[in-house]
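Residue numbers (the working numbering): 76 to 508.
By construction, the Cβ of each residue, glycine as well, lies at the ideal position given by its N, Cα and C atoms.
Note that this is a predicted model, so its numbers are computed, not measured.
As C-alpha cells, the structure follows; a few thoughts come after it.
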Amino acid sequence: MRMVDLIEKKRNGDALSEEEIQFVIQGYTKDEIPDYQMSAMAMAIYFQDMNDKERADLTMAMVKSGDEIDLSAIEGMKVDKHSTGGVGDKTTIALAPLVASLGVPVAKMSGRGLGHTGGTLDKLESIPGFHIELTTEEFIQNVNKNKLAVIGQTGNLTPADKKLYGLRDVTGTVNSIPLIASSIMSKKLASGADGIVLDVKTGTGAFMKELSTSKDLAKAMVKIGTKLGRKTMAVISDMNQPLGLAVGNALEVKEAIDMLKGKGPEDLLELCLTLGSHMVVMAQKADSIEEARKALEHAISSGKALETLKVFIEAQGGDSSVVDDVTQFPEAPYKIEIKATSNGMVKSIEADRIGTAAMMLGAGRATKDDEILLDVGLILQKKIGEAVNEGDTIVTLHSRSEDVGDIEKIVQKAYVIANEHIEAPTLIYEEIT
Ligand code: URA
C-alpha cells in the first residue's frame, strides 16, 4: 500500500477500507508516514468527510495505536462522562461524587487545562494535599471501595491522536467532525468505560458555535460509541456564557462543593442532574430518568453526595475538612469589582473572553509548561437575562495584583448590556441517543 494512493482516493471522495485506515494510523504513529502526507490526508478528510464505517474504523485504529486501560477488575458498569470543554465547567467535580454516592463506579481520567478552559486535575489540586498520582492498583482499589477515583491520562493512551491532534492544530484541520469525533471517542474507548455520557457544548464559548454543528458532532460520537459496543448518549448544553458563576481553580471547586450542599448555581445543578440521571440509568442503578433524578436530588439533600466527596478527597491524600470549612482554600489577596457602565439587561457574556481574563489572572496556562495559580479567577455577579444598573458590580476579580487594567477591559468587552428585554438562554438543547 502507498500513502499517496490513499490520499488521492480520499481526495477524490472515495471511502477508505479498514485495512487502509489502519495502514495510515499505524504508519503515522511509527513515524513511517511523514507529517506532510498526513497533513494532506487530514485536509482530504476535512473536505470529503468520512462515512460512519470509516469514522468507527479510524477511532478503533487510534485506540489500537497505544495502551488500553483494563477496568474489568472494577465491579459494576463503569460509566464515564466527557465534556467537549467550556469556561467555568466544574461539572466533573460535583457530578462524580454525586453519581458515585448512588453506587455508580466512576473511574475518571481527567486532563489539565490549556488555553482559556480549565482542567479538572488543576482544579482538584487546589484542595490542600490532594494528589492524582495513583498506581493502577490504587486507582482500581479506590473505585471498588469508594466508587470514585480520578487520575491523569497515562502516557501511552492513543499516541496516534496525540500526534495527529498536534498536526491538525497547525494545518487548519481541527474543525472536522470525523476528526474531532474520532479523537474524543478514541480516548474514551481506550480509557475502558462500558458506557459514555457526552456533554457537547454549543455556543460562543464552545468548539462548535452553532447548534446544528454541535448536533452533528454529538450524533457522530454517539454512532461511533454505539458501533464499537459501548452504550453512548449525548446531551447538548449551552456555552453561550460560562457555566455557574465561578471561573478559576479553587473558586470552581468551592462552587462545586456549594452545589453538593444544595446552595449552588441553578445551571450547574440542572446540568449535573441531567447528565447524572443518564449515567445512573446507564449503570443500571435506576429504571428511569425520573427515578434517577429523584435519587440524585435526595443524595444532595441528605448529604450523601457530600460525604462521598469527603471520602474521595481523603483517599487521594487531601484534607476533607475544606468541604465543611471552605475558608481553608487558597484565597487571592485582592478582590476587585468591575462595574457596569450602562443600564439594561445582560445580553451576552462571551465565555472565551472570560476564560482569557481568568488565564491572564494566572488561573490557566498559555503554554503547557506554565505554572498556574490556584487562588485567582473571577466570580460573575450577573448572568444573561439579569437586569443591571450603571455602577452595579458585574464581575469580581480575585487577583494577586492590584494592577488589572487590561483584564478589566477584556471583562467589559465580554459583557454586552442591552436596553431591551433578554431571556436567560436555554441550558439543555437536546439529548441524542
Ligand atoms: N478535543 C479532542 O480531544 N480532540 C479534538 O479533536 C477536539 C477536541
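Check	Outcome
Is Val-249 a contact residue of the ligand URA, with contact defined as CB to any heavy atom under 7 Å?	yes
Using DSSP with H/G/I as helix, E/B as strand and the rest coil, what is Leu-91?	coil
Do Ile-516 and the ligand URA come close, with the Cβ less than 7 Å from some heavy atom?	Within the shown structure, residues of the chain are numbered from 76 to 508, placing residue 516 beyond reach of any answer.
Near Ile-454, which residues of its chain fall below 6 Å by C-beta distance, leaving aside the five closest residues on each side in sequence?	Leu-320, Ala-321, Thr-471
Comparing C-alpha positions only, which one of Lys-369, Ile-96, Ala-325 sits nearest to Met-76?	Ile-96
Can you grab the Cα-Cα spacing for the pair Arg-86 / His-373, in whole Å?	55 Å
Which ranges would you report for the alpha helix (DSSP H) in the stretch 296 to 343 if only whole runs of at least 4 residues count?	324 to 335
Could you spell out where the alpha helix (DSSP H) holding Val-174 opens and where it closes?	166 to 175
Is it right to say Lys-306 is buried, meaning 16 or more other beta carbons lie within 10 angstroms of its own, or is it exposed?	buried
Among Thr-166, Ser-158, Pro-109, which one has its Cα closest to the Cα of Leu-335?	Thr-166
Take Ile-108 and list the residues in its own chain whose beta-carbon comes closer than 6 Å to its own, dropping the five residues that flank it on each side.	Met-78, Gly-102
For Thr-383 and Pro-172, which I take to be in contact (beta-carbon distance under 8 Å), what is that distance rounded to the nearest angstrom?	4 Å
Would you give the residue range spanned by the alpha helix (DSSP H) that Met-78 belongs to?	78 to 86
Pairs of beta-carbons, one from the stretch 490 to 508 and one from the stretch 411 to 425, closer than 8 Å: are there three or more?	yes
For Glu-213, report the span of its beta strand (DSSP E) as first-last.	First-last for Glu-213: 211 to 221, but that is the alpha helix (DSSP H), not the beta strand (DSSP E).
Taking Cβ positions, are Leu-371 and Ser-352 nearer each other than 8 Å?	yes
Looking at the secondary structure, which residues open and close the alpha helix (DSSP H) in which Met-184 lies?	Here Met-184 belongs to no alpha helix (DSSP H); instead the beta strand (DSSP E) covers 181 to 185.
My output table needs one value for Lys-457: the three-state DSSP class, helix, strand or coil.	coil
Buried or exposed: Val-245, going by 16 or more other Cβ atoms within 10 Å of its Cβ?	exposed
So, at 7 Å on beta carbons, what are the nonlocal neighbours of Gly-88 in its own chain, with the 5 sequence-adjacent residues on each side left out?	Gln-123
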